[in-house]
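In the order they appear, the protein sequences are chains X and F. For the first sequence, position 49 matches number 112 in the working numbering, and the numbering has no gaps at all. For the second sequence, position 478 matches number 541 in the working numbering, and the numbering has no gaps at all. The structure under discussion appears below in the form of structure tokens.
Number of protein chains: 2
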Amino acid sequence: MDSSQFRAAAHSAIDHIIGYYDTIESRRVLSDVEPGYLKKLLPDGPPELGEAWAEIQSDIESKIMPGLTHWQSPNFLAFFPANSSYPGILGELYSAAFTSANFNWLCSPAATELETIVLDWLCKLLSLPECFLSTSSTGGGGVIQGSASEAIVTVIVTARDRYLNYLAADAKTDGEREGIIDAHRHKLVALFSDQAHSSTQKGCLIAGVKHRSIKVPGSSTSNYSLTGPLLRQKIEELKSQGLEPFYLTVTLGTTATCAIDNFAEIAEVLKDYPQIWVHVDAAYAGAALICEEYQHLAVGFAAFDSFNMNMHKWLLTNFDCSCLFVKERKHLLNSLSITPSYLRNPHSDSGLVTDYRDWQIPLGRRFRALKIWFVMRTYGVSGLQAHIRNTISHGEHFAALIKSRPDLFKSITPPAFALTVFVVNTGSGGQMLEMQNKITKAVYERINEEGKVYITSTVLDGIYAIRVVGAGPKVRRETLERAFEVVVEAVVVVRDVGLGAVVDVGEVNQEQVRGV
Amino acid sequence: MDSSQFRAAAHSAIDHIIGYYDTIESRRVLSDVEPGYLKKLLPDGPPELGEAWAEIQSDIESKIMPGLTHWQSPNFLAFFPANSSYPGILGELYSAAFTSANFNWLCSPAATELETIVLDWLCKLLSLPECFLSTSSTGGGGVIQGSASEAIVTVIVTARDRYLNYLAADAKTDGEREGIIDAHRHKLVALFSDQAHSSTQKGCLIAGVKHRSIKVPGSSTSNYSLTGPLLRQKIEELKSQGLEPFYLTVTLGTTATCAIDNFAEIAEVLKDYPQIWVHVDAAYAGAALICEEYQHLAVGFAAFDSFNMNMHKWLLTNFDCSCLFVKERKHLLNSLSITPSYLRNPHSDSGLVTDYRDWQIPLGRRFRALKIWFVMRTYGVSGLQAHIRNTISHGEHFAALIKSRPDLFKSITPPAFALTVFVVNTGSGGQMLEMQNKITKAVYERINEEGKVYITSTVLDGIYAIRVVGAGPKVRRETLERAFEVVVEAVVVVRDVGLGAVVDVGEVNQEQVRGV
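Put into structure tokens, the structure is as follows:
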């Protein structure tokens, strides 16, 4: 493919993509292909001779599109969103054109420096405490990771090593040091509420440390938040078993219900356990911190060690773009750098040159800062804030519609960050919960089978509930009004069909509500 | 940015990128900006109101370009290449347009299914043994990882858990099982030759296991290969210390000299240690396996557990695209899946539905299979083979030029996979090596300061050497002839200036030769 063939191909691809975005609402949002559909459509191997772009592009429409679930459709109300935007796409385009490995500053100084700059911009925009800036007195800073799960395993590994190094700080020899670490490694335990995202659990598997969850209560007027007393009780219980808590994930916006942990209480308790690394997982809801009305939530974050939010979820920047901030970058380097300290670049220690490979698990990295830069400049602060406020307003409108039909629905938690969680009201009585779960699940399944909108479900204290969250840039007030009609119609149909048609709830897979 | 604004912006960006590629040779290949250059050029925060695309695009040229090291320039002869191509860029463009989280099959069935299909295509194209196909009787298959370093930490974690589960296989209770694992975890040790890429060492840090390297010899007629006897000796030595070897990285094409370990001998030794997981790191040179004349190298790989090669290095697919193949995918799932086995999808066990989140560290993933599909179809098998053979031929031509001037140069190892490693010939005598190192380093530094080409260096058994590898699609025979002239001129200048101007070698940072 030479330059002129690429020009024609790329212009055609751009027009194809615009056509896709302009008509996306007319496509069935959730793909209904059967497993293995694509293998039947493609040959057993690559062609011997090259093919023309026109052949490839026509296969995208005929063979790939039917197997896509359209996350950019306004009818995508499932999981959490994965926002795309035109400036974000341009960022990926330039990033691909500038392909380089970027494992250290010299690989492409602009890639490193722009990342530091736009993450400082983001830090201020989110009103995070000053300690998370690259210029902070604590030596903090931000780094783009692929996903929140990568950010979390990175801080778990770092926290593990900080803790072990603390234990071995007084060792006189390498052998003594290794002995202390070997004797303690298997006692380390990471904590998280049972509403925290599963990535903490997976991060612990990777880091080879134990983990324990803390059960947190919820109700229709409160939410499922981790509190100080619950945390203290668990820490003491584990210590009495000879285990050593070294890490805690707290959450701003849990996956199931967008709950917010009680940060002030947690910070107070942890004054008694200063060796525990606290990470704030704000993967989805953290985006709301760009609006003044949410910034009180971040006031106490200086008490914690790290924070991440995904611009690729709700802030108009294409996946992947998870932004991780740490208060002291030296801990990342101590854990993840394989450059002996005496060989580290003096520019690095001064903060002028950052080798981001030492802030993450992989070595190479794409030039992802470009898309953040393009998005922030194209929308401006006011445009980004308008997007967050619009989608929250649409979500609250949907929650109000649910509330307006108490004959049909019950809210499970207060609406939060554009998310509404509710069940079908099936009245009261002896078998009430069992019946409610069966009907709610039947309604949920009917909606997704029908395919006008795509939603996900969750299970909270044995209650099967429906989640609706429309936070993509194409979501409008009317989109959610129509979604409400779809939900009401599904309830009516399930009631008409009668319980005989309702399948057993059976094993409920919590996996289905997990977002990125 | 609405559709029509995006059309104009994207068409302009495409033209800009074509102009960049068409004239890339005229830019200074290695950026010479000072650390901190970009901060001086950009504001302290994002704009309050959005800006037009034209303003952003003009800043790319004026502010970003000076800070780029141009990896796609034919004058980039450093590290290993990170090949870009026009069809690869189109793959990234569509992937961004289809932004979705892709953490399970239903998220976008096409993303999962195309990945399985094109990795089976690649498996056959590389002539890997049948056990690495998704359809194999061993339950194998391939997965796209971001980089070789991610692939390697993934298999180290998997190997660690397979080994611990093997030790605890007879435990009667969870408590007994945990006790066995706790008692052995700190005894586990991973092995690699001292020429293996540093990502094995980093992977061990992340997985929390010990690691030991095996020193391997080299000469100007052999290369730095790990052999069976060296491996057996190290295993026995570690076992006698009470350690438990559980993992080994072998390499097809080491970073410093493109050495190939002795796979047949290693496989023979490991018959006596069947619990050791062997991973073949073919990150760069693995691409050559698409040509028949290299396929004998892969004949014995069925004896090993996993293999990875990076299409983003030498096979025309934009970073990131590291392809990892395993013989038994169940070990990945046992280690990395947090879905209890009784909840796993029956489609998954049958191999019809793959949830690739359980084959990797992150949860979410981009639709990277598109770019492989576009690249393979656009070039065809013959086009890909021609690219590999052309670049190897150019590399051998460069090596012949080096050999044609024994008065100036000495080869350190035979040329391999387009890479030539050499030193400046400074004659013989008492201080020979010290002088040779000083002169060679001075020549190396002069070449990069001059900036006509960008090369890297390495240190082998105390010998400071220059590496030249031109394996990008824009590299021509004349490019390497010109590079040879640059090297010769640098030697002449350094000789003219005399030793007074030659700086001390000082601390040599092995880091500088590490590729992705």
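From the three backbone atoms N, C-alpha and C, an ideal C-beta is built for every residue, glycine too. Small disclaimer: the values here were computed from a predicted structure and weren't measured.
Closer than 9 Å at the beta carbon, the chain X residues around F:Ser366 | Sequence inspection shows Ala at residue 366 of chain F; the Ser mentioned does not correspond to that position. Correct list: empty, because the minimum Cβ distance to chain X is about 25 Å.
What does F:Tyr450 touch in chain X if you count any residue whose Cβ is under 8 Å from its own?
-> Reading off the sequence shown, one finds His at residue 450 of chain F, where the question assumed Tyr. Going along chain X, no residue has its Cβ under 8 Å from F:His450, so there is no contact; the nearest lies around 11 Å.
Name the residues in the region 86–106 of chain F whose C-beta lies less than 8 Å from a C-beta of chain X; which are they?
-> Leu93, Ser94, Val96, Pro98, Gly99, Tyr100, Leu101, Lys102 and Leu105
Taking Cβ positions, are F:Gly205 and F:Leu396 nearer each other than 8 Å?
-> no
Would F:Pro308 count as contacting chain X if we go by Cβ distances under 8 Å?
-> no
What is the C-beta distance between F:Thr314 and F:Asp344, in whole angstroms, given that I count them as a contact (C-beta under 8 Å)?
-> 5 Å
Hey, which unbroken runs of the alpha helix (DSSP H) at 4 residues or more fall wholly within the region 248–294 of chain X?
-> 262–270
Just reading off the alpha helix (DSSP H) that X:Gly204 is part of, what are its end residues?
-> Per DSSP, X:Gly204 belongs to no alpha helix (DSSP H); it is in the beta strand (DSSP E), Gly204 to Gln208.
For X:Thr441, I'd like the list of residues in its chain whose CB is within less than 6 Å of its CB, leaving aside the five on either flank, ordered along the chain.
-> Pro150
Contained alpha helix (DSSP H) runs [length at least 4] in the region 423–511 of chain X, N- to C-terminal order = 432–466
Helix, strand or coil for X:Pro308 per DSSP?
-> strand
DSSP bridge partner residues for X:Ser369 (one or two, in chain order) | X:His342 and X:Val389
Specify the secondary structure class of F:Ala528 as computed by DSSP and reduced to three states.
-> strand
So is F:Asp233 buried or exposed if we call it buried at 16+ other beta carbons inside 10 Å?
-> exposed
Give me the Cα-Cα distance between X:Asp245 and F:Val272, rounded to the nearest whole angstrom.
-> 10 Å
Indicate the three-state DSSP secondary structure (helix, strand or coil) for X:Leu315 in the structure shown.
-> strand
Got a sec: which bits of the region 434–462 of chain X sit with their beta carbon under 7 Å from any beta carbon on chain F, in order along the chain?
-> Phe437, Met439, Arg440, Thr441, Tyr442, Gly443, Val444, Ser445 and Gly446
Are F:Gly30 and F:Val216 closer than 8 Å when you measure CB to CB?
-> Any answer about residue 30 of chain F is impossible in this case: the structure gives chain F only from 64 up to 579.
Per-residue burial, F:Val560 [other beta carbons within 10 Å of its own, 16 or more giving buried] = exposed
Indicate whether the contact test is met: 3 or more Cβ pairs, each with one atom in the region 156–172 of chain X and one in the region 475–483 of chain F, closer than 8 Å.
-> no
Assigned exposure category for X:Ser491 - 16 Cβ within 10 Å defines buried | exposed
Report yes if the C-beta distance between X:Ser147 and X:Asn381 is below 8 Å; otherwise report no.
-> yes
For X:Phe139, the residue or residues it bridges with in DSSP = X:Tyr517
Inter-residue Cα distance where the pair is F:Val554 and F:Gly525 | 21 Å
Using 8 Å as the limit for Cβ to Cβ distance, is X:Tyr149 near chain F?
-> yes
Would you please verify whether the beta carbon of F:Leu169 is less than 8 Å from any beta carbon of chain X?
-> yes
Could you work out which residue in F:Leu101, F:Ile87, F:Pro129 and F:Ile323 is closest to F:Phe139 when comparing CA atoms only?
-> F:Ile87
Can you find a CB in chain X that lies within less than 8 Å of the CB of F:Thr132?
-> yes
Are there 16 or more other CB atoms within 10 angstroms of the CB of F:Thr263, so buried, or fewer, so exposed?
-> buried
Keeping to the same chain, check which residues put their C-beta closer than 7 Å to that of X:Gln573; ignore five residues upstream and five downstream.
-> Residue placement at X:Gln573 cannot be trusted, given a pLDDT of 39 that sits under 50; what the coordinates show is reported in the next sentence. Contacts found: Val522.
Are there three or more Cβ pairs, one per stretch, closer than 8 Å when the region 183–193 of chain X is compared with the region 98–114 of chain F?
-> yes
Beta-bridge partners of F:Val667, as assigned by DSSP | Chain F is shown only over 64 to 579; residue 667 of chain F falls outside these bounds and no answer can be derived.
Among the residues of its own chain, which have a CB less than 6 Å from the CB of F:Arg225, if the five just before and after it don't count?
-> His394
Continuous alpha helix (DSSP H) stretch holding X:Phe326: start and end = Phe326 to Leu333
Minimum C-alpha distance to F:Met64 - residue among X:Glu552, X:Phe437 and X:Ala365 = X:Phe437
In whole angstroms, what is the alpha-carbon distance linking F:Glu193 and F:Thr290?
-> 25 Å
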